[in-house]
Every structure is written in structure tokens, then in C-alpha cells.
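So the sequence shown is residues 32 to 484, counted in the working numbering.
See below for the structure under consideration.
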Amino acid sequence: MTDQTHVEAALDRIARLNPLLHAFRLPTPELARQAAWAQERTPSPGPLAGRLLAIKDLFDLRGTPTGGGARTPVIEEAARTAPAVDALLDAGLIPVGKAETVELALGSWGINRATRTPRNPWDAAAVRVPGGSSAGTAVAVAAGLADLGLGSDSGGSIRIPSALNGLTGLKPTWGRVALAGCLPLSPSLDTAGPLAWSVADAAHMLACLSRTGDLPPFDAAASLRAAAGIAGKRLAVLADSALSAVSDPVGEAYLQTVSRLERLGARLVEVRPPLDPAALVEPTGALLAAEGWRCWQRRVEQRGGEMDPGVLSRLQAGAVIDDQALSRLHAARAGDQGRFHAWLQEVEALLTPTVPVPAPTLAEADESALPFSRFTRMANWLNLPALALPMGFTPAGLPLSLQIVALPGHENRVLGVGQAYQQTTDWHRRRPDLDALATAAVTAPPGAASPGQ
């Protein structure tokens with residue numbers, strides 16, 4: 032299939048399905064056609080050339096608004112393209128749209144009451160949450176509206192929607208990918224990274240993205256070769272007691288997954304980490320709110336009346352965290368990082384579930400609770416690279432996800448373990464039934480729940 036044919040097929044799917052899924056805030060058909068035309072005449076080398084890219088609408092794309100999930104775009108027209116986006120376009124990716132996000136990226140459910148909430152495509156019968164904040168990016172890739180996605184992650188915003196949508200998502204080490212031209216939330220925690228179907232695609236995307244960052248460029252080929260050397264690697268796994276808070280399908284899939292890795296030759300070490308991941312949810316949230324308020328106080332004062340009320344409340348909670356309290360948060364974080372990094376030296380990686388439960392329905396969403404953050408926020412607080420990847424499905428067909436974390440700068444470890452797992456499983460090759468989803472939407476009774484409400 033030529034690039035032009037591939038693009039036109041995708042644009043047709045977007046036109047048909049985006050009104051149902053709300054994955055894209057702004058499809059970019061003309062940019063996609065121009066990029067495909069250029070790609071056919073001067074093909075870019077490398078494994079990503081000609082692939083279709085969904086861009087989270089926090090990143091600048093020259094000549095288009097940067098919406099940030101807000102009713103009124105944060106930037107009316109970007110003057111230049113973010114370096115992270117440029118790196119992917121230079122590798123031959125084709126931009127098909129700016130994807131919906133939780134407003135200002137502050138929310139883990141994926142709900143946006145300022146614009147529209149993307150619909151998780153894995154259930155035709157019920158409207159389920161997509162996870163946030165890179166909600167539209169994940170839905171676009173999962174539904175085949177794009178091949179790959181660029182997201183951001185400050186507390187799980189790549190990994191949570193990847194987990195709930197059956198994708199592979201990578202939160203890199205802080206500083207690995209440049210954040211210029213990306214709307215900030217918490218400069219101490221913000222990272223940018225790939226959402227893809229496979230570990231291999233995520234690795235190749237990181238290799239491109241890493242050329243923009245402050246750390247040495249990432250070598251995708253070497254990382255993927257490391258998958259062959261998993262035999263004898265020490266992998267830390269959670270004790271049964273640490274799984275008491277996860278649902279039965281998640282716990283069962285986790286135990287089956289670590290057992291498979293053991294059969295591949297890994298040495299499992301049952302551990303109790305020096306810091307309970309759940310205990311890091313609150314301080315991470317405080318840091319997000321405090322720095323988020325400092326980034327967006329003026330916008331709240333000017334446009335608070337049109338903002339998503341949940342996001343507005345979470346930002347305003349940061350107003351009461353003064354500079355001394357913020358300094359104490361940073362000091363506590365530095366101490367926690369020292370302890371945890373020293374402990375993690377003993378193993379190749381730590382394995383946890385990504386989220387404790389499968390995707391709930393939109394009607395079940397309780398934004399005052401943080402169920403999806405239980406295992407994800409620790410990676411941001413402790414500055415660990417973290418990979419989410421499919422590890423099974425519920426009997427009802429909802430995705431389940433494994434998280435792999437390692438020491439800062441060691442994306443090669445999490446991707447190597449993930450690649451070894453995906454070489455012997457097919458969870459990442461499964462796709463949602465879009466025909467059933469479209470049929471269900473056509474036959475839905477009047478007044479059926481809308482993903483935008």
C-alpha cells in the first residue's frame with residue numbers, strides 16, 4: 032500500500048469513526064496528504080517511515096491551534112512545531128491529527144467536560160473511560176485511526192490510557208525527550224513518549240525522540256537485541272499481599288505473566304519495595320497541583336468559568352501549597368529517589384500491574400478517586416522509565432496491562448524485558464471490534480450515554 036493510499040484509508044476511517052470515538056480534537060487531512068506526497072517522492076529511511084501519527088494536543092504543530100484540551104485553545108496558532116514532533120516527522124511519520132486530552136493534562140480518567148471525552152473502543156455495549164490524560168491519542172491508535180501516538184506523562188498519562196486501550200506505552204526518564212513546544216503541567220515530573228502496539232515500535236519512536244533530549248541518544252536496535260538475554264536476569268515481582276488491592280482479573284494475569292517470564296529464564300525475586308507505590312500517589316498529586324497552579328494560575332483567573340470543573344478544582348488545590356511546602360516536597364522526593372534507586376540496583380527491573388482494574392464505564396467514573404494511579408505515579412516521583420504493555424484480557428474482552436520499571440536512564444531494560452515477553456505472546460496483536468462498535472452506535476436508543484458527557 033502506498034503512503035497516499037494508506038493515508039486516504041485512514042482519513043476515511045477518521046471521518047467515519049471520530050464522531051463516535053472523539054479521539055481527535057483536530058484532524059489534519061491536508062498536512063497528512065502533504066507529508067504522504069513528500070514521503071513517496073523522497074522516502075525517509077527507517078522503520079517508522081510512512082506510519083500515521085496522532086499527536087496529543089499539548090504539542091505545538093506549526094500553523095494549527097494547541098488546544099490543551101481547553102474549550103478556548105491555549106495557543107491560537109503555533110508558530111513552530113515542537114522538537115519532539117519534528118523528530119518524528121523527520122523520521123517519515125505522517126501527522127493525521129491533534130488528539131483530545133484531559134484539559135491541561137490533569138486527570139487520569141480521560142474525562143474532558145470542556146470539550147469531549149474520547150470513548151474506549153474495546154466495548155461496543157457500554158461507554159467506557161479511555162484513561163488519561165493522553166486519552167485521544169490512545170483511542171486513535173487502538174481504533175486504527177493512527178498507527179502510533181505521541182503523548183505526555185506526569186503521573187501515568189501515557190501508561191494509564193495505554194493500559195485501558197490495550198497498547199504499549201513508554202514513560203521515559205525525565206530529560207530523555209525535549210519538552211519545548213509542549214504545554215507544561217509539572218516541569219519536575221513532565222515527560223513525553225510513545226504509544227504504540229508493540230515494544231519494537233515504541234523503541235524506534237524513542238530513538239527518534241531521544242535525539243531532542245538532554246541524555247545520550249537511545250539505541251533501539253541494541254535494546255531490542257537485549258530481549259534475547261533475559262535468561263538469568265533478576266526481576267523483582269510483588270508479593271501476593273501487595274496485590275490485594277487489584278481486581279481478580281488483573282491479579283491473575285499478573286501472576287501468569289511473571290510465571291511466563293520465569294519460564295523464559297528470568298530469575299524472579301519476590302520483594303517488598305522500600306517505598307509502597309500507593310504511598311507515593313498523594314505526594315505526587317501535591318507536586319502536580321502545586322506546579323500546575325504556578326503554570327496555569329493566570330488562565331484559571333481569566334477562563335476558570337469555561338474550564339472542566341474537575342481540572343479546575345485540582346489546579347486550585349495547588350494554590351494552598353506555598354513555596355516552603357513545595358520545597359519540602361522536592362526534598363522528600365530527592366530522599367525517596369536516593370533510597371529507591373539504591374534498592375533497585377539489585378535487579379534488572381520491577382514488575383507491577385499498570386492499573387489495578389480494567390476500564391470502568393463512564394457512568395461508574397468517580398473523579399474524586401485515583402484508582403489508576405496506584406502503581407503509575409511512583410515512576411514519575413522516583414524518575415524511573417516505565418513501560419506499560421498488554422498482559423491479557425478479561426472474559427468480557429477488556430485489556431489488562433503489565434508495568435515494567437527500571438533505574439533512570441535504563442529504558443533498554445524495560446524495553447528488553449517487554450520485547451522478550453511480546454515475542455512469546457500475542458496480546459499486543461489483538462484489536463477491538465470496530466464494526467460492532469459502529470453498529471451499536473447506530474442502533475443505540477435515544478438518550479444513550481454520550482462519551483462527551
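Here a beta-carbon is modelled for each residue, glycine too, at the ideal position from N, C-alpha and C.
Everything numeric in this text was worked out from a predicted model, so none of it was measured.
Inter-residue CB distance, residue i and residue j (contact presumed, cutoff 8 angstroms)
i	j	result
GLU71	ASP34	5 angstroms
PRO104	THR97	6 angstroms
LEU292	GLY282	Contact doesn't hold; Cβ gap of about 16 angstroms is too wide.
ASN196	GLY162	7 angstroms
ILE261	ALA284	Contact doesn't hold; Cβ gap of about 19 angstroms is too wide.
GLU107	GLY94	Incorrect: roughly 11 angstroms between the Cβ atoms, too far for contact.
PRO126	LEU62	5 angstroms
ARG56	VAL38	19 angstroms between Cβ atoms; not a contact.
ALA276	ARG405	7 angstroms
GLY206	ASP250	Not really, about 17 angstroms apart at Cβ, beyond 8 angstroms.
Whether residue i touches residue j by CB criterion (9 angstroms)
i	j	result
SER185	ASN411	yes
LEU381	VAL268	yes
ALA396	VAL160	yes
ALA169	PRO192	yes
THR148	LEU393	yes
TYR452	LEU433	yes
GLN450	ALA257	yes
PRO50	LEU468	no
CYS239	ALA118	yes
ARG265	GLU442	no
ASN143	ALA166	yes
LEU26	SER164	Nothing about residue 26 can be read from this structure; the chain reaches only from 32 to 484.
PRO384	LEU429	no
LEU52	ALA177	no
GLY182	PHE403	no
THR204	ASN414	yes
GLY77	ALA41	no
ALA233	LEU446	yes
LEU346	TRP327	yes
ARG461	PRO426	no
Cβ neighbour criterion (16 or more within 10 Å) applied to residue i
i	result
GLU131	buried
GLU489	Here the chain has residues from 32 to 484 only, and residue 489 is not among them.
HIS361	exposed
THR470	exposed
ALA270	exposed
ASP88	buried
VAL436	buried
SER241	buried
PRO463	buried
PRO477	Reliability of the predicted coordinates at PRO477 is poor, the pLDDT of 44 falling under 50, and the value obtained from them is presented with this limitation in mind. Classification for PRO477: exposed.
VAL312	buried
ALA66	buried
ASP339	buried
PRO58	buried
SER290	exposed
THR199	buried
Unbroken stretches of the alpha helix (DSSP H), 4 residues or longer, contained in the stretch 332-379: With a minimum length of 4 residues, the continuous alpha helix (DSSP H) runs that stay inside the stretch 332-379 are 340-348 and 354-375.
Continuous alpha helix (DSSP H) assignments of at least 4 residues falling wholly in the stretch 235-262: The stretch 235-262 contains these whole alpha helix (DSSP H) runs: 251-256.
Are three or more beta carbon pairs between the stretch 321-336 and the stretch 211-225 nearer than 8 angstroms? Touching, yes.
Tell me whether the stretch 366-377 and the stretch 117-132 touch, counting them as touching only if at least three CB pairs, one residue from each stretch, are closer than 8 angstroms. No, they do not touch.
Which ranges would you report for the alpha helix (DSSP H) in the stretch 37-78 if only whole runs of at least 4 residues count? If only complete runs of 4 or more residues are kept, the stretch 37-78 shows the alpha helix (DSSP H) at 60-72, in order along the chain.
In the stretch 152-221, which residue ranges form an unbroken alpha helix (DSSP H) of at least 4 residues, counting only runs that do not cross its ends? For the alpha helix (DSSP H) assignment, the uninterrupted runs of no fewer than 4 residues enclosed by the stretch 152-221 are, from N- to C-terminal side, 166-173 and 190-195.
Which runs of the beta strand (DSSP E) fall wholly inside the stretch 109-151 and span at least 3 residues, in chain order? With a minimum length of 3 residues, the continuous beta strand (DSSP E) runs that stay inside the stretch 109-151 are 125-130.
Could you tell me which whole beta strand (DSSP E) segments of length 3 or greater appear in the stretch 410-469? The stretch 410-469 contains these whole beta strand (DSSP E) runs: 417-424 and 430-436.
Output the residue ranges of the beta strand (DSSP E) runs that lie fully inside the stretch 260-318 and measure 3 residues or longer, sorted by chain position. The stretch 260-318 contains these whole beta strand (DSSP E) runs: 265-269 and 298-302.
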